[in-house]
Amino acid sequence: MTETGTVSFTQMKDGTREDYELLERLEKPYLALTPDRVLDELRRQGEVTLEGYRITRLTHGLQSATRAERDGADLDWIVGALLHDVGDGLAPQNHDRFSAEVIRPFVRWDVAWVVEHHGIFQSFYYGHHYGWDRNARDRFKDHPCYDSCAEFCERWDQSSFDPAYDTLPLEHFEPLVREVFARKAYDPAVIREGFVSRLAE
């Protein structure tokens, strides 16, 4: 049976302990549905062809994740590759940071850092065509995740726009998404601040 009820306040500063305990209990089912909302967003991306590209946004994410899995990447990297552009729909100008915030509570810190910065690293491949500095990523040259982000873009992002690639379906990755989002948010044992993992075997 689902608990119901409403708080007594109209301004948060007037809330009581009982109000906030109620909200905490009511929020749990909503939090448990996070992977469903993420998967729904991916499905919506399957309805939108990348402007000017030959594949959908969903296919790009699936192809990136497929390449990561076939390279022997672990769970965090595969889900990071799948969701690295999940923010495109709502935040196209800063989708990399948006996408990173979606996964940050549930994956290693280096995976979240790479997703957060992949946009500037990815511009290495095309920035010069717009008159941009294609080496703008070098401002992060001393960061411990620099090489990981460069490799992520080279192996799994910039290469994943191929309509002929044998891409695994979303159903294949759904259990992985659910496993990651079932973790306790910001668990230090998961986040492993400062640890830099290998992208793949």
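Position in the sequence shown (first residue = 1) + 1089 = the numbering used here. Backbone N, C-alpha and C define an ideal beta-carbon position, used for all residues, glycine too. Small disclaimer: the values here were computed from a predicted structure and weren't measured.
Same chain, Cβ closer than 8 angstroms to Phe-1284, neighbours up to 5 away in sequence not counted:
Arg-1197, Trp-1198 and Asp-1199
Measure the beta-carbon distance from Glu-1263 to Leu-1128 and round it to whole angstroms, keeping in mind my assumption that it falls under 8 angstroms.
6 angstroms
Exposed or buried, Tyr-1235, counting other C-beta atoms within 10 Å across all chains shown (16 or more means buried)?
buried
Reduced DSSP category for Thr-1148 - H, G, I as helix; E, B as strand; rest coil
helix
If you scan the stretch 1092-1142 from start to end, which runs of the alpha helix (DSSP H) of 4 or more residues do you find wholly inside it?
1106-1121 and 1123-1134
Please report the distance separating the alpha-carbon of Phe-1241 from that of Val-1203.
8 angstroms
Where does the unbroken alpha helix (DSSP H) through Phe-1241 begin, and where does it stop?
1235-1241
Alpha carbon to alpha carbon, how far is Val-1137 from Pro-1258?
16 angstroms
Using three-state DSSP, classify Ser-1177 as helix, strand or coil.
The amino acid occupying residue 1177 in the given sequence is Asp; Ser does not appear at that position. It is helical.
Enumerated in chain order, which unbroken segments of the alpha helix (DSSP H) with a length of 4 residues or greater are wholly contained in the stretch 1175-1235?
1184-1192 and 1198-1211
I want to know whether the stretch 1243-1257 touches the stretch 1157-1174 - three or more CB-CB distances under 8 angstroms.
yes
Quick check on Arg-1267: does DSSP put it in helix, strand or coil?
helix
Taking the straight line between their C-alpha atoms, what separation do you get for Gln-1182 and Pro-1252?
25 angstroms
Counting pairs of Cβ atoms below 8 angstroms between the stretch 1137-1146 and the stretch 1223-1235, do you hit three or more?
no
How many Å lie between Glu-1113 and Ser-1248 at the Cα?
43 angstroms
Decide if Glu-1205 is buried, meaning its Cβ has at least 16 other Cβ atoms within 10 Å, or exposed.
buried
Terminal residues of the alpha helix (DSSP H) in which Ala-1170 lies:
1164-1172
Cβ pair Phe-1270, Phe-1195 closer than 7 angstroms:
yes
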